[in-house]
Every structure is written in C-alpha cells, then in structure tokens.
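Pasting the structure below:
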C-alpha cells in the first residue's frame with residue numbers, strides 16, 4: 015500500500031454520535047456480539063459480489079474463492095476482519111460509515127430512557143452492524159476497494175468514534191474490505207486465538223461463507239511411542255462449517271443455531287418468538303426458513319420501510335427484502351427462500367407476475383398463519399406478547415387477504431366488556447362461546463381511546479342485559495371492521511350504528527310504548543328545533559343512564575371512519591346522524607314540558623351537543639354549546 019492522498023476530516027451524523035456513545039456504555043454485558051456483526055457484514059459483502067458477478071464475471075478479478083479472514087496482531091493490539099467481497103467506493107464509505115440511513119431513526123432515539131439495560135434492548139431492535147466495533151475498540155480503521163475498480167481507488171476510513179472520521183485515498187491491490195480494530199487495553203481478551211475461534215463457532219457456524227483464521231506452524235515433535243511427528247506448516251483454516259444452515263436437515267440443526275441464524279439475517283439481538291424450516295418438493299421446489307420476531311422494528315409503520323425475505327436461487331444470494339413472497343400485513347416476518355425453479359437473473363419485475371413466486375407466496379403466508387395459530391393455542395402468554403407488538407399490523411389482513419380472512423379472524427384479539435382491562439386478549443372464538451342464547455351478532459364499539467369506548471353511552475343497554483361488547487380503540491379498528499363483515503357465520507354489528515330492535519323482548523316493547531306516550535309530540539318539536547343538524551329524531555331504548563345519543567346510519571360513515579379519513583387527508587362528506595332520545599330520562603321528560611319555543615330550542619341543542627361530544631370527543635361550535643348551557647343554568651338558578 016502506497017502513502018495516502020486526499021485526506022479529509024468529516025463529522026459524523028448526529029445520530030451516529032449518539033449511537034456510538036450508547037453502544038460503548040450500554041452493551042458492555044454482551045461485548046462479543048461485535049464479532050458476530052462484523053463477520054455477518056463481511057459474509058453479506060461476499061454474497062453481494064457473487065450475485066453481481068452473475069452478470070459481470072470480471073468482478074471476481076480472477077479470485078472466485080470468497081471468504082472472510084480474522085487475524086490478530088498481539089504486538090500492535092489489533093484485530094482484523096477482512097473479506098474479498100463487493101467492497102466500497104469513496105461515496106459508499108461516507109454513506110455507510112458516516113450516517114445511519116435508516117427509517118425510524120428519530121423515533122428510535124426518542125424512545126431511549128437513559129437506563130442502560132433497557133436501552134441496550136432498544137439498540138438490539140434498531141441494529142448496529144459496523145458501529146458495534148467501537149464496543150471494544152478505541153480506534154477503527156477501514157480499508158476498502160470496490161470490486162472492478164482500479165487499485166488506486168482504494169479508500170481508508172479512520173475514527174476514534176468521538177464525533178468525526180478521516181477519509182483518504184489509498185492503493186489497495188485486492189478488492190473487498192478489511193476492518194482493523196485497535197482494541198482498548200481492557201479488551202485484549204479478543205487477541206486470544208482460542209477465544210476468537212469459540213466466538214466464531216458460536217455465532218457464525220451457520221453462514222455459507224467460510225471464516226478463516228491462521229493456524230500457526232507446529233514444529234516437529236516426538237510422538238507417544240518415540241516416533242517423530244512431522245512439522246505442520248502454518249496455514250489458513252476454516253473455523254465455521256461454512257454450510258448454509260437452511261440446506262441442512264432440520265434434525266441436524268439446534269434451536270440455538272436457528273436463533274443465531276435469525277440474528278445474522280435480521281441483525282436483531284433478541285431470539286425470535288418462533289421459526290419454521292421447510293423443504294418443499296413437487297411442482298415447485300424450494301426451501302423456506304421463516305421467523306417471527308419478538309419485537310417490532312421502529313420503522314414498522316413507515317411507508318418507506320423495506321420488508322420481505324432474503325431470496326436465494328440455487329444457493330446463490332439474489333436480493334434482500336424480496337417483498338413479493340409475503341403480504342404487507344405480514345411484513346414483520348424475517349427469513350429466506352431458496353428456490354430451485356426461479357432463474358438466476360430474476361428481477362423484482364419478473365417476480366411480480368411469476369407463477370412460481372405466487373405459489374411460494376401463498377405457501378409462505380399459510381405457513382406463517384399456521385405458526386401464529388399454533389402459538390396462540392399452545393402458549394397464550396407468548397402470543398399475547400406477539401399481539402402487543404404486531405397486532406395492529408395483523409389487523410390489516412382482512413382487507414388485503416380475502417382468501418385467509420377466516421384464519422386471520424382466529425388470530426385477532428380485542429378488549430371487551432367481559433374484562434375490566436384495556437388488554438386486547440379476547441378472541442372472536444371466546445366471544446362466540448360466551449354469546450347469549452338467541453344472540454346471532456358480534457357487537458362492538460369503536461372510539462378514540464379505551465376509556466372512551468368503555469364509557470360510551472351506547473353500552474348502557476348491553477350492560478343492563480349482560481351482553482358482551484368488543485371495545486375497539488385503535489385507529490386501524492374502523493378500517494378492519496369495514497372489511498370484516500362476519501366471522502364463522504356471525505355478523506358484526508356496531509352498537510353505534512343502525513337499530514338494536516333485536517334486543518327488545520315483548521316486555522321491553524310494552525314498556526317502550528308506555529314511556530313514549532308520556533312524552534308524546536317531543537320528537538317533531540326537536541326535529542324542528544335542530545333542523546339540518548340531524549337526519550332523524552327518534553326514541554331509543556339503547557340508553558339507560560344517558561338522555562340522548564347520536565347514531566350513524568346502518569351503512570353510513572361512523573365517527574371513527576370520518577376521523578380516519580380526515581387523518582389520511584381524504585375529503586369527507588358532511589355526515590348527518592340520527593338523534594335518539596331516552597324517553598325514560600328526566601331531562602327528556604323536562605324537555606317535553608317546556609313550552610317556550612326559544613327555551614325549547616336551547617334545551618334540544620344542549621342535549622344534541624352533549625350526545626355529539628360523548629360520541630365524537632369534540633364539537634364544531636363549542637362556544638354555542640357553552641352559551642346555551644349557561645343560559646339554561648341561569649334560568650334554573652332564578
């Protein structure tokens with residue numbers, strides 16, 4: 015290597031500075047993962063070269079023996095991880111080693127608490143990759159050259175991890191990247207040959223790229239029977255099995271190996287909740303290895319979030335994030351597919367309309383739903399953990415995947431009036447088991463929050479009759495229910511929409527008629543007073559404690575759907591609600607006795623605004639409501 019030229023100093027992106035400090039101070043209890051991360055990145059670089067070389071064999075530069083080399087220099091106190099993979103040019107070095115180009119970054123940092131134990135788990139979800147080198151090193155040097163570039167186009171990157179890095183052009187004869195860690199004094203255990211070999215075996219046995227370490231020369235020596243044992247020259251030898259884990263028989267792979275492979279492909283620190291390894295033969299031949307993570311990534315709801323499976327064709331890596339093999343509502347699934355039927359030059363466009371990829375997508379979707387169903391039946395606590403992380407994503411399923419709507423329905427969980435808790439742990443099957451005799455609908459209410467749903471006036475008649483209602487308070491719930499019309503031949507019914515006449519017994523109907531007679535004529539007067547504010551005014555017996563409520567048309571737009579569309583920036587037509595009054599309530603009886611037209615109008619508007627406030631959480635004209643209410647209070651006070 016000749017002397018460096020064009021040396022420059024750059025500042026790290028602010029988020030990189032924060033991340034470096036967090037890693038140094040928060041991941042001290044599991045330092046050895048730095049080697050897993052760096053070896054994993056090196057193996058990925060080799061995979062990417064293999065793929066690019068399919069269309070440009072010259073990138074191999076007459077060296078097709080892809081590998082990773084780990085070496086130590088005890089005198090210099092350095093540990094080096096080198097690969098002969100794809101390498102980087104100058105711009106890629108700045109982009110990859112100076113910034114965190116990852117969606118969800120701001121949210122990640124806003125969730126940090128300052129508690130090192132908790133923050134280390136968050137870091138694990140975010141993924142640290144290259145920057146994990148600073149857990150054990152006080153200086154890191156990176157020397158790299160992109161495959162196919164001239165030797166003079168090498169780049170050297172050096173940093174102490176304290177806010178800036180230097181960049182210089184260098185001569186580098188061989189393609190690929192070498193990362194030189196200048197270890198801190200207290201981290202010199204990572205200069206021990208046996209220690210490194212044990213870590214590589216533990217974390218990297220499953221990757222398909224061989225990881226080499228140098229075995230020192232062994233001099234000639236005497237054997238147990240006095241015979242001379244010849245000297246063994248020093249040589250590079252593979253430490254890991256270097257056999258792709260998914261190609262091995264399931265019985266030969268331990269749970270620990272499956273978990274470590276998950277961490278390799280996902281860069282997550284936590285073990286997965288579940289995994290499924292399948293070899294499919296027949297019309298379509300492929301191997302799938304699918305994982306369900308324990309924690310949601312920070313960018314799960316980001317529109318630019320990349321998701322999908324790693325795709326291999328005949329053991330050759332083709333692409334990351336192949337989204338065609340997993341529906342969007344299962345975007346949290348990690349894993350890989352290795353197909354024998356797809357062409358090596360397959361593109362995302364080809365996958366879009368390819369019958370083989372469509373068959374694989376259907377099979378993978380079915381497999382994931384089976385995994386979740388098995389988890390829900392066999393380990394309710396583990397499934398509840400899954401639901402708290404990914405439940406709202408799964409709720410997107412019925413709208414996207416009509417053919418699996420029933421299977422998705424089995425996996426849904428909700429809060430309910432049956433439990434005095436906001437925990438979403440009631441399944442639709444459990445609800446149906448508890449349905450009263452003669453009940454043929456699944457009742458639910460949507461609201462802005464659990465508290466608003468729990469205290470909705472629409473629940474009053476259901477509490478009186480002991481009928482369970484699902485309490486839905488997530489923004490996605492209204493969207494879900496617009497696509498989930500029935501489950502196991504039971505239709506869904508919003509208690510804030512349409513009529514509830516099916517709840518009336520003969521006795522109820524008789525009592526209803528008597529109560530309505532006592533306030534006869536009030537409906538027409540209220541409709542006249544409210545005018546176009548309401549579509550219709552009628553009596554209701556869905557209320558037992560409240561004087562009135564507003565109700566949407568049976569097929570009309572509910573309050574929550576209006577809010578959902580408004581939040582999405584969609585135009586929303588003016589919605590007219592039905593105004594329903596409880597004829598047995600004292601305020602309604604008082605209203606019926608008011609003869610003064612102006613006073614009657616104020617009473618009617620106050621009752622309507624109260625109902626709207628309870629249902630919608632806000633009023634279009636709160637000043638008018640306050641003015642009317644104050645006027646009535648002053649009249650009553652005289």
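Residue numbers (the working numbering): 15 to 652.
Each residue gets a CB set at the ideal place from its N, CA and C atoms; glycine is no exception.
Since the structure is predicted, the reported quantities are computational estimates derived from the model, not experimental observations.
| Check | Outcome |
| --- | --- |
| Selection from 557, 306 and 479 that minimises the alpha carbon distance to residue 452 | 479 |
| Where residue 374 falls: helix, strand or coil (DSSP) | helix |
| Neighbourhood of residue 502 by C-beta, 7 angstroms cutoff - its chain only, sequence neighbours within 5 removed | 446 |
| Cα-Cα separation between residue 42 and residue 177, rounded to whole angstroms | Low local confidence applies: a pLDDT of 49 at residue 42 is under 50, so the model's placement there is unreliable, with the coordinate-based value given in what follows. Taking the straight line from one Cα to the other gives about 20 angstroms. |
| Which residues DSSP lists as bridging residue 331, in chain order | 326 |
| At least 3 beta-carbon pairs within less than 8 angstroms: the segment 343 to 352 vs the segment 410 to 426 | yes |
| Start-to-end residues for the alpha helix (DSSP H) that takes in residue 212 | 207 to 218 |
| Contact the segment 182 to 198 vs the segment 80 to 100: 3+ CB pairs below 8 angstroms | yes |
| CA nearest to the CA of residue 481, picked from 347, 300 and 433 | 433 |
| Selection from 288, 354, 594 and 278 that minimises the alpha carbon distance to residue 216 | 278 |
| Buried or exposed by the 16-neighbour rule on C-beta atoms within 10 Å, applied to residue 459 | buried |
| Spatial neighbours of residue 495 in its chain, beta-carbon cut-off 8 angstroms, leaving aside the 5 residues before and after | 458, 460, 486, 506 and 508 |
| Cβ-based neighbour list, residue 601, same chain, cut-off 6 angstroms, excluding 5 preceding and 5 following | 561 |
| Through-space distance from residue 474 to residue 574, alpha-carbon basis | 20 angstroms |
| Of the residues 606, 338 and 611, the one placed nearest residue 350, counting alpha carbons only | 338 |
| Per-residue DSSP class, three states only, for residue 450 | coil |
| Three-pair Cβ contact test at 8 angstroms for the segment 179 to 189 versus the segment 155 to 167 | yes |
| Span of the beta strand (DSSP E) around residue 463 | Segment: none, residue 463 is in no beta strand (DSSP E) and carries neither H nor E. |
| Of the listed residues 556, 199 and 107, nearest to residue 190 (C-alpha basis) | 107 |
| Cβ-heavy atom distance, residue 276 to the ligand COA, below 8 angstroms | The ligand COA is not part of this structure, which contains no ligands at all. |
| N-terminal and C-terminal residue of the beta strand (DSSP E) that residue 232 is part of | No beta strand (DSSP E) holds residue 232; DSSP gives it neither H nor E. |
| CA-to-CA distance, residue 258 to residue 209, given in whole angstroms | 24 angstroms |
| Member of 228, 242 and 227 whose CA lies at the smallest distance from the CA of residue 234 | 242 |
| Cα-Cα separation between residue 213 and residue 329, rounded to whole angstroms | 25 angstroms |
| Residue 358 burial status per 10 Å Cβ neighbour count (16 or more: buried) | exposed |
| CA-to-CA distance, residue 228 to residue 4, given in whole angstroms | In the structure as shown, the chain begins at 15 and stops at 652. Residue 4 is therefore absent and cannot be evaluated. |
| For residue 298, the nearest candidate out of 369, 424 and 252 (CA to CA) | 369 |
| Neighbour-count burial assignment, residue 394, 16 or more Cβ in a 10 Å radius | exposed |
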